[in-house]
Amino acid sequence: MDYVIAFSSVLGVGLALFLLAQWRGWQPTLPTALAVGAVLRGAVWIAAASESWQPKDFRLDFPAAAMAVLHHHDPVLSGRPRGWPFLPTMAFVFAGEMKLGQMMHLPWQVVGRLAPVAADLVLIVLIGKLASERGRLRRFQYACNPLAILICAVHGQLEPEVLALGVAAFLLARSRRSAAAGMALGFSVAVGMWSVLLLPGVLAMLPDWRKRLRACCWVAAVPAAFLLTSPLTVGTPVRLLPTVVHRIIGLRSMVGNWGWTVAVTRAKLEFITPVGRLGVVVLIIALALAGYLWRRSHPVDLTTALLITFLVVSPRVSVQYLVWPLPFLAARTTQFATPAIVMTAAWDGFSYIALGPHRTPGWMHANIWYLTSWDVIPLLIAAMPWERRRVERVGEATAAVPSVPKQPAVPEQAAVPEQAAVPEQAAARSRREVRR
Numbered sequence: 001m002d003y004v005i006a007f008s009s010v011l012g013v014g015l016a017l018f019l020l021a022q023w024r025g026w027q028p029t030l031p032t033a034l035a036v037g038a039v040l041r042g043a044v045w046i047a048a049a050s051e052s053w054q055p056k057d058f059r060l061d062f063p064a065a066a067m068a069v070l071h072h073h074d075p076v077l078s079g080r081p082r083g084w085p086f087l088p089t090m091a092f093v094f095a096g097e098m099k100l101g102q103m104m105h106l107p108w109q110v111v112g113r114l115a116p117v118a119a120d121l122v123l124i125v126l127i128g129k130l131a132s133e134r135g136r137l138r139r140f141q142y143a144c145n146p147l148a149i150l151i152c153a154v155h156g157q158l159e160p161e162v163l164a165l166g167v168a169a170f171l172l173a174r175s176r177r178s179a180a181a182g183m184a185l186g187f188s189v190a191v192g193m194w195s196v197l198l199l200p201g202v203l204a205m206l207p208d209w210r211k212r213l214r215a216c217c218w219v220a221a222v223p224a225a226f227l228l229t230s231p232l233t234v235g236t237p238v239r240l241l242p243t244v245v246h247r248i249i250g251l252r253s254m255v256g257n258w259g260w261t262v263a264v265t266r267a268k269l270e271f272i273t274p275v276g277r278l279g280v281v282v283l284i285i286a287l288a289l290a291g292y293l294w295r296r297s298h299p300v301d302l303t304t305a306l307l308i309t310f311l312v313v314s315p316r317v318s319v320q321y322l323v324w325p326l327p328f329l330a331a332r333t334t335q336f337a338t339p340a341i342v343m344t345a346a347w348d349g350f351s352y353i354a355l356g357p358h359r360t361p362g363w364m365h366a367n368i369w370y371l372t373s374w375d376v377i378p379l380l381i382a383a384m385p386w387e388r389r390r391v392e393r394v395g396e397a398t399a400a401v402p403s404v405p406k407q408p409a410v411p412e413q414a415a416v417p418e419q420a421a422v423p424e425q426a427a428a429r430s431r432r433e434v435r436r
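The numbering of the sequence shown is the working numbering, which starts it at 1 and goes up by one.
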């Protein structure tokens, strides 16, 4: 049980600092926030690397993708059937991490978490710039956020890299650099396809349709470049490019670990194609509705609404998905953001720390954990920016100007200069001061 004590202690410190900062309104400097974030992530990184149990995709899929790149093989085609479902973008990074480990004689458990932890530290800086107010507090809270620490330092997932590039796209769009914003978001999509959900918010940051069209072209061009050059970079046979695309964007019908599908499968993971297809239709309708309801809101609030809607309605959610809205909730927090973050961190923490072989009694199995997703979903819904749904976008007035009745014209003789309206006492006092 040493791992439980180690993880729980570090994450408990992070959660305590997160809540204390909110209560006391701390605003530490950037070096302080980075130092605290690095210490917390480093401690969990060391504890996770020393464990025999590792997350399945981190243990199997990520190093397999790295080895495929090093041997000039396509990571999608050479991996297990439901393994690596992404473009080779991050596989190149994994290959670099593996090569570094070979040079320094370090195991994958250590070097495989290097990129996500580094990206999460970059996110601390970016969130401070994205925040609409109290940026120092918000970046410090993200530095202490136990959910973010779990995803990067325990799971070593792709989400920190995707979010760092996505938030950078928002900042570039805010500075009206449409091509750079589109390129940053394109790299984000090339790492994780889900970040296409950030596109409406990035486009809303831009001032006109010409810049938006330019950004869209770059968003599409970057992933297309990684795909079309894969025959040269990772040896993908040209005739199998459609197969690679299908595996990347194809429907995965495993359901039952989250939300409404738990009731369908009785909290068991199952492959049910009709339920998966129905879930996609329901998800598209829900995202369209959220986009309509928040169409006039701030771009960051629009993005928060879309990401939380995906989490609430999706037929299947992996534990790392819950980190998606965190940077945007940190930048523009809501009334129920803190309770939602605490609950999601507890739900994810139970997965990483308690679930697993020989870790907990039999009654604490994954099915019970899936059912408890219904404790998380209501708080996620409450954390959406409902109160800012009608606030107009950046560059427009933040509130409607009330209509003022037209004033009657002032006669010319009534238009007296302001100096002539000074009271008599003030005028007399001024004359006395002049005589003196």
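Positions of the beta carbon are idealized from the N, C-alpha and C atoms, including for glycine. This structure is a prediction, so every number in the text was calculated from the model and none was measured.
Helix, strand or coil: which one does DSSP assign to G14? helix
What are the uninterrupted segments assigned as alpha helix (DSSP H) that are 4 or more residues long and contained completely in the segment 149-181, given in chain order? 159-174
Exposed or buried, which one is L322 when buried takes at least 16 other CB atoms within 10 Å? Around the beta carbon of L322, 16 or more other beta carbons sit within 10 angstroms, so the residue counts as buried.
Considering only C-alpha positions, which residue in the set R332, L289, A337 and Y370 is nearest to F350? Y370
Tell me the rounded alpha-carbon separation between A6 and Q54. 16 Å
Comparing alpha-carbon positions, which option in K268, P315 and V262 lies nearest G276? P315
Which runs of the alpha helix (DSSP H) spanning at least 4 residues fall entirely within the segment 225-289, listed in chain order? 230-233, 241-249 and 261-265
C-alpha gap between E161 and L329, whole angstroms: 18 Å
Can you tell me where the alpha helix (DSSP H) with P339 in it begins and where it stops? A337 to G349
Where does E387 land, buried or exposed, given buried means 16+ other C-beta within 10 angstroms? exposed
Give the straight-line distance between the Cα atoms of M193 and A220, rounded to the nearest whole angstrom. 11 Å
Euclidean distance between Cα positions of D301 and M104: In a straight line, the C-alpha of D301 is about 44 Å away from that of M104.
Assigned exposure category for V4 - 16 Cβ within 10 Å defines buried: exposed
Measure the Cβ-Cβ separation of L206 and L163 and say whether it is below 8 Å. no
Assuming the contact rule is C-beta atoms closer than 8 Å, F62 and F92 should be a hit. Round their C-beta distance to whole Å, please. So it is not a contact: roughly 12 Å between Cβ atoms.
At which residue ranges does the segment 75-129 contain complete alpha helix (DSSP H) runs of 4 or more residues, listed in the order of the chain? 75-78, 89-104 and 108-111
Quick test of your reading: C144 and F310, contact by CB under 8 Å. State the CB separation rounded to the nearest angstrom. Actually they are not in contact, since the Cβ atoms of C144 and F310 sit about 25 Å apart, beyond 8 Å.
Within 10 Å of its beta-carbon, does A16 have 16 or more other beta-carbons around it, so buried, or fewer, so exposed? With fewer than 16 other Cβ atoms within 10 Å, it is exposed.
How is the alpha helix (DSSP H) around G139 delimited, first residue to last? Looking at the sequence provided, one finds Arg at residue 139 rather than Gly. It spans G135 to C144 - the alpha helix (DSSP H) in which R139 sits, taken as one unbroken run.
Rounded straight-line distance, which links the Cα of H365 to that of S195: 31 Å
CA-CA distance, C217 and L355? Put simply, the backbone Cα of C217 is about 43 Å away from that of L355.
Between L198 and L77, how many whole angstroms is the CB-CB distance? I'm expecting something under 8 Å. With a Cβ gap of about 28 Å, L198 and L77 do not count as contacting.
Own chain partners of T273 with C-beta closer than 6 Å, once the 5 adjacent residues on each side are dropped: Result list for T273: S253, in chain order.
Where does the unbroken alpha helix (DSSP H) through I377 begin, and where does it stop? S373 to A382
Under three-state DSSP, which class holds P411? Note that P411 has pLDDT 44, beneath the 50 cutoff, so the model's placement of it is unreliable and the number below is only indicative. Coil at P411, not helix or strand.
Please work out which residues of its chain come closer than 8 Å, Cβ to Cβ, to G235, disregarding the five sequence neighbours upstream and downstream, and give them in chain order. Cβ within range, chain order: H72, H73 and D74.
What are the boundary residues of the alpha helix (DSSP H) that includes T32? For T32, the uninterrupted alpha helix (DSSP H) segment begins and ends at L30 to A49.
Do A21 and Q109 count as a contact pair if the criterion is CB distance below 8 Å? For Q109 and A21, no; Cβs fall outside 8 Å.
Helix, strand or coil for V300, going by three-state DSSP, please let me know. helix
Among the residues of its own chain, which have a CB less than 7 Å from the CB of Q141, if the five just before and after it don't count? F18, A21, Q22 and A330
What did DSSP end up calling S52 once you bin it into helix, strand or coil? Assignment of S52 by DSSP, reduced to helix, strand and coil, places it in the coil class.
Outcome for G279 when other beta-carbon atoms lying within 10 angstroms are tallied against a minimum of 16: By the C-beta density criterion, G279 is buried, having at least 16 other C-beta atoms within 10 angstroms.
Outcome for R332 when other beta-carbon atoms lying within 10 angstroms are tallied against a minimum of 16: buried
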